[in-house]
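S.K.: Sharing a structure here in structure tokens format.
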Amino acid sequence: MIKRNVTTEWVIQQIQGGKAYRFYLTADWQRVRDKKRTMEHNECERCRAVGKYSPCEAVHHKKYLRARPDLALDINNLECLCKDCHYKEHHKLQEKIFSEEFSEKW
Numbered sequence: 001m002i003k004r005n006v007t008t009e010w011v012i013q014q015i016q017g018g019k020a021y022r023f024y025l026t027a028d029w030q031r032v033r034d035k036k037r038t039m040e041h042n043e044c045e046r047c048r049a050v051g052k053y054s055p056c057e058a059v060h061h062k063k064y065l066r067a068r069p070d071l072a073l074d075i076n077n078l079e080c081l082c083k084d085c086h087y088k089e090h091h092k093l094q095e096k097i098f099s100e101e102f103s104e105k106w
């Protein structure tokens, strides 16, 4: 765990240096992540919205860290997701390409 005060400038430096993963090792991130999990009762928010229960396995940035480093620690930009929902979120484009490539065109 990296014990430091995370600033937007520091996050940007890590992203530009190809070391964005360091952000996820900070005490600040782990504190906000744990708070979000507690707020959401450790449940996947997307599954809960459709009446299903799945445990939270990832705390996801709605607006991606690389695109909006200023929101890195904003709890309102975080979402608790199960493994399946997190995978779907990060592979949306691939699913679209796959479905278009193999769809029947009659």
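So for the sequence shown, our numbering puts the first residue at 1; every next one is plus one. Every residue, glycine too, gets a C-beta built ideally from N, C-alpha and C. Keep in mind the model is a prediction, meaning the values are calculated, not measured.
#1: I need the DSSP call for His-90, collapsed to helix, strand or coil.
#2: Drop a sphere of 10 angstroms on the beta-carbon of Ala-72, count the other beta-carbons inside from all chains shown, and report buried for 16 or more, exposed for fewer.
#3: Assuming Ala-49 is part of the alpha helix (DSSP H), what are its boundary residues?
#4: Can you check which of these residues, Arg-31, Glu-45, Pro-55 and Gly-51, is closest to Arg-62 by C-alpha distance?
#5: Measuring straight from C-alpha to C-alpha, what distance separates Ser-54 and Lys-35?
M.R.: Walking through what the data contain:
#1: His-90 falls in the helix class under three-state DSSP.
#2: buried
#3: 45-49
#4: The question names Arg, but residue 62 in the sequence shown is Lys. Minimum Cα distance to Lys-62 is reached at Glu-45.
#5: 18 Å
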